[in-house]
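With the numbering used here, letter number 95 in the sequence shown gets 1189, and the count goes up by one each step, no holes. In this text, a Cβ means the ideal position worked out from N, Cα and C, and glycines have one as well. Scroll down for the structure; my scribbles are underneath it.
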Amino acid sequence: MAIRLGDEAPNFTAETTEGSIDFHQWLGDSWGVLFSHPADYTPVCTTELGTVAKLKDDFDRRGVKVIGLSVDVVDDHKGWINDINETQNTTVNFPLIADPDKTVANLYDMIHPNALNNLTVRSVFVIAPDKTVKLTLTYPASTGRNFDELLRVIDSLQLTANFSVATPANWQDGDDCIVVPAVSDEEAKDKFPKGFTAIKPYLRVTPQPNK
Ligand code: BEZ
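See below:
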């Protein structure tokens, strides 16, 4: 069964490169990113995990814990991490789940047999502190992900969780935001002390409220 936005992220226990975890306990009160890659010792995945390691401070600043997954075993993960550290000039600083029996992969519908047989595709789940799923992404094996885009989406998710705004196309942290339709003009005057501009009655923009 596919996991939809707003669903509770299924809990599981698993072996990782940093020991056994209960996923919900490991998340604690943090935001979380659970992402899968097809296999250890593969080129695109090597660049992806190196990129995520280099973004550790950016995830930390946003209060986000990151965890990777493939259907390989812990020893393979650990051997491959040495290669990632060497070739990507970084230190992998987040756990990798070992899922050789595909328990977590199946729980999160990460195996898409018509695209890639028996291996996980490039799935991403962003999970809020209340354990609900806020974003899902699915990329094919042949396309490495843009993790700057993932940070951009997390900025939007965290902002819109706290203010009655939405973020427009290509929004970046600091840009103007959209006043959500559920807020009347009268309410908007109170909620957005910096003011708002009504370009159309349904298209109202306001400076980012938390800047
Ligand atoms: C890769 O990470 O390079 C990769 C993995 C599985 C299939 C194709 C590419």
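query: Around the C-beta of M1095, are 16 or more other C-beta atoms found within 10 angstroms, so that it is buried, or is it exposed?; result: exposed
query: Go to K1225, then tell me how far its alpha helix (DSSP H) extends in each direction, as first and last residue.; result: Per DSSP, K1225 belongs to no alpha helix (DSSP H) and is neither H nor E.
query: Determine which residues share a DSSP beta bridge with L1128 and list them.; result: I1161, F1219
query: Would you call the segment 1106-1123 and the segment 1136-1153 in contact, with 3 or more CB pairs under 8 Å?; result: no
query: So what's D1123 in DSSP terms, helix, strand or just coil?; result: coil
query: What are the boundary residues of the beta strand (DSSP E) that includes R1298?; result: 1297-1300
query: Is there at least one Cβ from chain B nearer than 7 Å to L1229's Cβ?; result: The structure shown contains no chain B; it holds only a single protein chain.
query: Just to check, is the beta-carbon of K1136 closer than 6 Å to a non-hydrogen atom of the ligand BEZ?; result: This sequence places Thr at residue 1136; Lys is not what is there. For the ligand BEZ, at least one heavy atom lies less than 6 Å from the Cβ of T1136.
query: Identify whether K1150 lies in helix, strand or coil by the three-state DSSP scheme.; result: helix
query: Using 10 angstroms around the beta-carbon of R1216, count the other beta-carbons present and answer buried if the total reaches 16, otherwise exposed.; result: buried
query: Between the Cα of V1274 and the Cα atoms of S1130, L1297, R1098, E1180, which residue gives the shortest distance?; result: L1297
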